[in-house]
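In what follows, a single structure is set out as structure tokens and then discussed.
Protein chains in written order, with this note's numbering: chain G, 11 to 313; chain F, 2 to 358; chain Y, 288 to 639.
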């Protein structure tokens, strides 16, 4: 029986009326016996609710916990229970030129990607929502299609395109690849805000003397900012963690952190991988936090 | 400062051929409180949006003080507008909302501050400058919207059902305040509403609209007492409408409404053989049917079906002997006819208004 | 490591600022016009370190060129996706199985010309045998790795891997993705059937090998040995010897039946625009001093007969014709042709 199933009325009340006293007795008895039973059921439901939630949280956080243990444990292999705490893998990570180069390069690519994806995705969302474009739905489908396509194919296709164009594997090519797969996030989050946008706010601004351009910067942009920003954060994280698209597009000497980690994994499997993961998790977290604090993720806007 | 508006043969046809507004001719005078009244979908809001410049007319022209502004963009029209749900900028404070239009006009900061202060004082919102719209009540938001629109000293103030979201008591208070403000400032005000009582109470003149067309333009009294069309008579207040053939009796022209009911027509009533006439409920006087005076030409006999006690008046639903159902309203003078009672109805032939269909 | 991380950060951030400022869309790499570029593939890890710090720069200096090394896998799909007439690599360095796949698709030249690569005259026969595309510049020996502290001593045969006492501590590879695992399939055919190509015998043997711990990468196998989760398993000699001097209780066993060879193969792409330089690179990698340096860094057995390694390396690596004779080369051409069938079969065996 599900924990919150409605209680069926007790059978006792529907039968022929017995003597008044005995009915009252039974009512009392039944009320006493029923209430704790219902309470127990609610408590059981709550326990189940908590258990499921905790289980989901553990499932989400356990991999991160394992990575952290791996990063701090001094032995060069995953060992449980850990034999101690050491920062040797962090030292190794920060001392390794390849890793440092990859880390900074990844940040660079992620920042450029975020800028491009936010600008292009934001504009695309505006055009789709407002532009009165013929075939806006098709445009939207095309904008979102990189999400449907396996990213490895996107990477391969871009790689082949660059080879055909004979441009090698430049930084802008990698950024373009990342932008391609991050634009859908910006488009989606911006469109969500634009869908709830009250067009009369823009009319009010126009009526008060704001030119279309000023209306955009004074009213539209501040109000869609939460959506754009949420998309930008997605774009940053997706780019920073991007593996399949980068796989084909990184050029010798300019490899992103996930690619470097993957190649390192093939030859050395020690705590440096864990340390690198911890550092990149923290970095991604810090960037999100910084964006939130500076540009303001928490919207006061209730549209 | 205030301007006159001329709506000259304006039509708005949407894709698919829907005529939202159909060849409208309205002249709004300077300093006039002018209402566009009609049911939803009648084209009144579209007309207002064409005046504001949010929609461009498919045909016709809009002139302000005689100057054609049909193709002037909205932000250069110098009109204030109060929107149905106020459209306050949620990311700005009350003061910033009110200052917006002034800022767009490049006025210096000190002058803006002074004007904002004065405008907020006018709508009695001093002290709430730093609140955000979401922190205000509906009535307060309404005042902010009003202050934001008038602070720019617009040539015309446009109001799109501005009081629709308020409860009745607050609405009446705001009606009064808005009217006062309009008079004090001498504003030309175009007011869109579907509430006929509101329009009658506030307007200098009203245009009653239906299906994209103007049915009648006139003062509230004209609109109420001399409705031109069946739609206007029906839409404004309660009314009794009779339809039938025009006949000539010994006492003059009359309307044969069927089942033996004849209504004496005013001598002026000319026209075709098939007619509709309107008779306002309060123009009918009821008397006890006991006194057997000879049945006048302009009168009938009926039975009270039900009564609505309105406080100052009583509204009776009466079934005439001829089978017609009519409404009659009497001032509350103490005695109330009870349902089932037979009564005699009298009215003056001159109170019958002949309608265009 | 000469740059402190901090200085490194600053320099990189300046670069970042510059690329943001001047537009990342400008041409990314402006090679000096007089300097030809040789595009190669290469490994990371210690191999990559010494290549980028010493051996690569020395080559660049001597041949007045730029060496651009792609260490980001996968090499073959990238080569496959690029144009035949302008391949992204001039010299492909991979294990032998991948070279065979590349050769089958015409992506690399099947043989290296001895006239253009004089050092070819000094290599052991296995390095240019009919089992090799291009030339093998090094080889590792695939044999058995063991823990020395668990009382499992005196191992002499591959067949001991099947003994019940190793249940729970036996290690192998996910065959579809790992060359060592694939080579081991062929070994099973040799051990229990009519030869390398006796797949039925191999399948039967693999079936009996369960329970077994399977990993994707050799690096992971090394860690299983270090942590003691595997006490006897398939591994290459360099994967054990690289822990030399760290007092790890692990050792490499050369079974009596012989060891499988895991060749490091170089091959030149037919469309290369710098063929001369490509041949020079292959020749350079076969030079005794280069071979010695790399061999002593990563514990690979050099292909050049004339290399004289230090005693410690000489004792363990395959440096004499007698020791080289223990090498069993895998027929990768044949294996690649059967790969799909083998993959689906072994997947079934180890899934159950």
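The C-beta atom is built at its ideal place from N, Cα and C for all residues, glycine as well.
Minimum C-alpha distance to residue 323 of chain F - residue among F:284, F:261 and F:335: Within the second chain, numbered from 1, the residue matching residue 323 of chain F stands at position 322. Among F:284, F:261 and F:335, the Cα nearest to that of residue 323 of chain F belongs to F:261.
Would you say residue 25 of chain F faces chain G, with C-beta separation under 8 Å as the test? Reading the second chain from its first residue, position 24 is the one you call residue 25 of chain F. False, the Cβ-Cβ gap to chain G never drops below 8 Å.
Identify, in the order they occur along the chain, each residue of the same chain with its Cβ nearer than 7 Å to the Cβ of residue 93 of chain G, setting aside the five sequence neighbours on each side. For the purposes of this step, residue 93 of chain G is identified with residue 83 of the first chain, where counting begins at 1. If we look at residue 93 of chain G and ignore the five residues flanking it on each side, its Cβ neighbours are 83, 84 and 85.
Cutoff 8 Å: residue 426 of chain Y Cβ touching any chain G Cβ: Working through the third chain from its first residue, we reach residue 426 of chain Y at position 139. Chain G contact via Cβ: absent.
Output the boundary residues of the beta strand (DSSP E) element that contains residue 372 of chain F. This structure gives no information on residue 372 of chain F, because the portion of chain F shown stretches from 2 to 358.
Kindly confirm or deny that the segment 200-209 of chain F and the segment 168-187 of chain F touch, where touching means at least three C-beta pairs closer than 8 Å. yes
If you reduce the DSSP assignment to three classes, tell me which class residue 541 of chain Y lands in. For the purposes of this step, residue 541 of chain Y is taken as residue 254 along the third chain, with counting starting at 1. Coil, per DSSP.
Kindly provide the ranges of any beta strand (DSSP E) runs that are 3 or more residues long and lie completely inside the segment 344-372 of chain Y, ordered along the chain. 353-357
May I ask you to list, following chain order, the residues of the segment 551-585 of chain Y that have a beta carbon less than 9 Å from some beta carbon of chain G? Those residues of the segment 551-585 of chain Y that come within reach of chain G (Cβ to Cβ, closer than 9 Å) do not exist; the list is empty.
From G:275, G:157 and G:202, residue whose alpha carbon lies closest to that of residue 188 of chain G: By 1-based counting over the first chain, the position of residue 188 of chain G is 178. If we check each option's Cα against that of residue 188 of chain G, G:157 comes out closest.
Residue 304 of chain F bridges to which residues according to DSSP? As a working note, residue 304 of chain F is residue 303 in the second chain. BP columns for residue 304 of chain F point to F:320 and F:343.
Which of the three DSSP states is assigned to residue 9 of chain F in this structure? Within the second chain, numbered from 1, the residue matching residue 9 of chain F stands at position 8. In this structure, residue 9 of chain F counts as strand in the three-state DSSP scheme.
Rounded C-alpha distance that separates residue 74 of chain G from residue 604 of chain Y: Here residue 74 of chain G corresponds to residue number 64 of the first chain, with the count starting at 1. Here residue 604 of chain Y corresponds to residue number 317 of the third chain, with the count starting at 1. In a straight line, the C-alpha of residue 74 of chain G is about 41 Å away from that of residue 604 of chain Y.
With distances taken between CB atoms, is the gap from residue 519 of chain Y to residue 422 of chain Y smaller than 8 Å? Mapped onto the third chain, residue 519 of chain Y falls at position 232. Mapped onto the third chain, residue 422 of chain Y falls at position 135. Contact flag unset, no.
Give me the residue from G:290, G:265 and G:70 with the minimum Cα distance to residue 653 of chain Y. Within the shown structure, residues of chain Y are numbered from 288 to 639, placing residue 653 of chain Y beyond reach of any answer.
Are any of the Cβ atoms in chain G nearer than 8 Å to that of residue 21 of chain F? Here the question's residue 21 of chain F lines up with position 20 in the second chain. Closer than 8 Å: no.
Beta-carbon proximity list for residue 551 of chain Y, same chain, < 6 Å, skipping 5 on both sides: Along the third chain, one-based indexing puts residue 551 of chain Y at 264. Excluding sequence neighbours, residue 551 of chain Y sits near 424 and 425.
For residue 460 of chain Y, the nearest candidate out of Y:509, Y:416, Y:575 and Y:341 (CA to CA): The residue given as residue 460 of chain Y occupies position 173 in the third chain. That would be Y:509, whose Cα lies nearest to the Cα of residue 460 of chain Y.
Could you give the uninterrupted runs of the beta strand (DSSP E) lying entirely in the segment 449-499 of chain Y, keeping only those of 3 residues or more? 457-460
Residues of chain G with a CB under 7 Å from the CB of residue 357 of chain Y: which are they? Within the third chain, numbered from 1, the residue matching residue 357 of chain Y stands at position 70. Here the neighbours are 262.
Give me the chain Y residues within the contact set of residue 79 of chain G, using Cβ-Cβ distance strictly less than 7 Å, ordered along the chain. Against the first chain, residue 79 of chain G aligns to sequence position 69. Residues of chain Y passing the Cβ test: none, with the nearest at roughly 14 Å.
Return the chain-ordered ranges of every beta strand (DSSP E) run that is complete within the segment 272-303 of chain G and spans a minimum of 3 residues. none
Is residue 277 of chain G close to chain Y? Criterion is C-beta to C-beta, closer than 8 Å. In the first chain, counting from the first residue as 1, residue 277 of chain G sits at position 267. True, the Cβ-Cβ gap to chain Y drops below 8 Å.
Residue 416 of chain Y and residue 587 of chain Y closer than 8 Å at C-beta: Stepping through the third chain from its first residue, residue 416 of chain Y is reached at position 129. Stepping through the third chain from its first residue, residue 587 of chain Y is reached at position 300. The answer is no: Cβ separation not under 8 Å.
Quick check: the Cα distance between residue 216 of chain G and residue 222 of chain F, rounded to an integer number of angstroms? What you label residue 216 of chain G is simply residue 206 of the first chain in a count that begins at 1. What you label residue 222 of chain F is simply residue 221 of the second chain in a count that begins at 1. For residue 216 of chain G and residue 222 of chain F, the distance between alpha carbons rounds to 37 Å.
Which residues DSSP lists as bridging residue 81 of chain F, in chain order: In the second chain, the residue the question calls residue 81 of chain F occupies position 80. In the DSSP output, where bridge partners are listed per residue, residue 81 of chain F has F:158.
Would you call residue 116 of chain F buried or exposed, if buried means 16 or more other Cβ atoms sit within 10 Å of its Cβ? Taking the first residue of the second chain as position 1, residue 116 of chain F is located at position 115. With 16 or more other Cβ atoms within 10 Å, it is buried.
Buried or exposed by the 16-neighbour rule on C-beta atoms within 10 Å, applied to residue 308 of chain Y: Working through the third chain from its first residue, we reach residue 308 of chain Y at position 21. Any reading at residue 308 of chain Y must be qualified, since the residue scores a pLDDT of 38, below 50, and its modelled position is unreliable; no value is offered.
Leaving out the 5 sequence neighbours to the left and right, which residues in its chain are closer than 7 Å to residue 338 of chain Y when beta-carbon positions are compared? Sequence index remark: in the third chain, residue 338 of chain Y carries index 51 (1-based). Around residue 338 of chain Y: 329 and 356.
Taking DSSP as the reference, what is the three-state secondary structure of residue 40 of chain F? Stepping through the second chain from its first residue, residue 40 of chain F is reached at position 39. In this structure, residue 40 of chain F counts as coil in the three-state DSSP scheme.
With a cut-off of 8 Å, does the C-beta of residue 14 of chain F fall near any C-beta of chain G? As a working mapping, residue 14 of chain F is identified with position 13 in the second chain. Answer no: the Cβ-Cβ gap between residue 14 of chain F and chain G never drops below 8 Å.
To the nearest angstrom, how far is the alpha carbon of residue 411 of chain Y from that of residue 379 of chain Y? Start at 1 with the first residue of the third chain, and residue 411 of chain Y comes out as number 124. Start at 1 with the first residue of the third chain, and residue 379 of chain Y comes out as number 92. Near 21 Å, if we compare the C-alpha coordinates of residue 379 of chain Y and residue 411 of chain Y.
Considering only C-alpha positions, which residue in the set G:88, G:223 and G:180 is nearest to residue 280 of chain G? Position 270 of the first chain, counted from the first residue, corresponds to residue 280 of chain G. Residue G:88 holds the alpha-carbon nearest to the alpha-carbon of residue 280 of chain G among G:88, G:223 and G:180.
Any chance the segment 25-33 of chain F sits against the segment 2-15 of chain F, with 3 or more Cβ pairs inside 8 Å? yes
Within its chain, find whatever has a CB closer than 8 Å to the CB of residue 78 of chain G; leave out the 5 residues flanking it on each side and keep chain order. Translated into the one-based positions of the first chain, residue 78 of chain G becomes position 68. Cβ within range, chain order: 284 and 288.
Compare the C-beta of residue 53 of chain F with all C-beta atoms of chain G and state if any pair is closer than 8 Å. Translated into positions along the second chain, residue 53 of chain F becomes position 52. True, the Cβ-Cβ gap to chain G drops below 8 Å.
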